[in-house]
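Here is the structure we will look at, set down as structure tokens.
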Amino acid sequence: MFQFQFPLYNDFVEQSRREAVEAGFEELRTPEDVDAAFRRPGTTLVLINSVCGCAGGIARPAAAHAVHYDKRPDHLVTVFAGQDKEATARAREYFVGEPPSSPSFALLKDGKLCAMIHRHDIEGHEPVAVVQKLQALFDEYCEEV
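Here it is in structure tokens:
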């Protein structure tokens, strides 16, 4: 059977992963990874990553800059929508009452959802506006480091 190869798309996926990891986010690639990460005490910022333009041009840069702040989450993690499907589905089980959205951010405290920033809060906005939204959540839910 002939299998299509999409090297350019695969490059985008790898670059998208790398940008999140280089910003300090731990990749969660399985449902077990998600459960283990979300069981940790404290605050956890979840980046629901994707290859779309608003992820690369707004969400990931905002995530990288927002964490350089006096208050920030204890843990930074990421799941990749459309790539690590089972991990993403498990993460979304924790986002009770929230529709699927990617890219997006979820802030949890002791495994419970505190707040979300959805795609509509990211797409069409300047990265600095998303940084400000994230840091407002950090002010509300996180401790000073």
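Numbering (our numbering), first residue to last: 1 to 145. Glycine residues also receive a C-beta, built at the ideal position from the N, C-alpha and C atoms. For clarity, every value in this text was computed on a predicted model and none was experimentally measured.
Given a threshold of 16 other Cβ atoms within 10 Å of its Cβ, counted over all protein chains shown, does residue i qualify as buried or as exposed?
| i | result |
| --- | --- |
| E19 | buried |
| M1 | Note on M1: pLDDT 49, under 50, position unreliable in the model; the coordinate value appears next. Counting Cβ neighbours within 10 Å, M1 comes out exposed, since fewer than 16 surround it. |
| V79 | buried |
| V96 | exposed |
| P99 | exposed |
Taking the CB atoms as reference points, tell me whether residue i and residue j lie closer together than 7 Å.
| i | j | result |
| --- | --- | --- |
| T44 | C142 | no |
| I58 | P127 | yes |
| P41 | E86 | no |
| A23 | A63 | yes |
| P103 | A55 | yes |
| R150 | F138 | Absent from the structure is residue 150, since the part of the chain shown begins at 1 and ends at 145. |
Between which residues of its own chain and residue i is the CB-CB distance below 6 Å, once the five residues before and five after are set aside?
| i | result |
| --- | --- |
| D84 | R29 |
| V134 | Looking at the sequence provided, one finds Leu at residue 134 rather than Val. Answer for L134: A66, listed in chain order. |
| L76 | G24, F25, L45 |
| V101 | One point to set straight first is that residue 101 is Ser, not Val, in the sequence displayed. Counting only Cβ-Cβ distances below 6 Å, and skipping sequence neighbours, we find H118, R119. |
Within the continuous beta strand (DSSP E) that includes residue i, where are the two ends?
| i | result |
| --- | --- |
| K109 | 104 to 109 |
| A63 | Here A63 belongs to no beta strand (DSSP E); instead the alpha helix (DSSP H) covers 60 to 66. |
| F80 | 75 to 80 |
Please name the residue, chosen from the options, that lies closest to residue i on a Cα-to-Cα basis.
| i | options | result |
| --- | --- | --- |
| K112 | A37, E126, A64, V79 | A37 |
| R90 | P73, G57, D33, G24 | D33 |
| D110 | V13, S16, H120, R39 | R39 |
| E144 | D70, R17, D35, C52 | D70 |
| G82 | G124, L108, C52, L107 | C52 |
| L200 | T88, E140, E14 | A question about residue 200 goes unanswered here, because the residues of the chain that appear run from 1 up to 145. |
Taking the alpha helix (DSSP H) that residue i belongs to, which residues open and close that run?
| i | result |
| --- | --- |
| L113 | Run containing L113: none in the alpha helix (DSSP H); it sits in the beta strand (DSSP E), 112 to 117. |
| L45 | Here L45 belongs to no alpha helix (DSSP H); instead the beta strand (DSSP E) covers 43 to 49. |
| P100 | Here P100 belongs to no alpha helix (DSSP H), and DSSP marks it neither H nor E. |
| Y69 | No alpha helix (DSSP H) holds Y69; DSSP gives it neither H nor E. |
Report all residues from its chain with a CB closer than 8 Å to the CB of residue i; omit the five preceding and five following residues, and keep chain order.
| i | result |
| --- | --- |
| V131 | A62, H65, A66 |
| G124 | C54 |
For residue i, collect the residues of the same chain with a Cβ closer than 7 Å to its Cβ; drop the 5 residues on either side in sequence, then sort them by chain order.
| i | result |
| --- | --- |
| V21 | E27 |
Within the present structure, is the beta-carbon of residue i separated from the nearest heavy atom of the ligand FAD by less than 6 Å?
| i | result |
| --- | --- |
| L113 | Summarising the ligand content, the structure contains no ligands, and the ligand FAD is consequently not present. |
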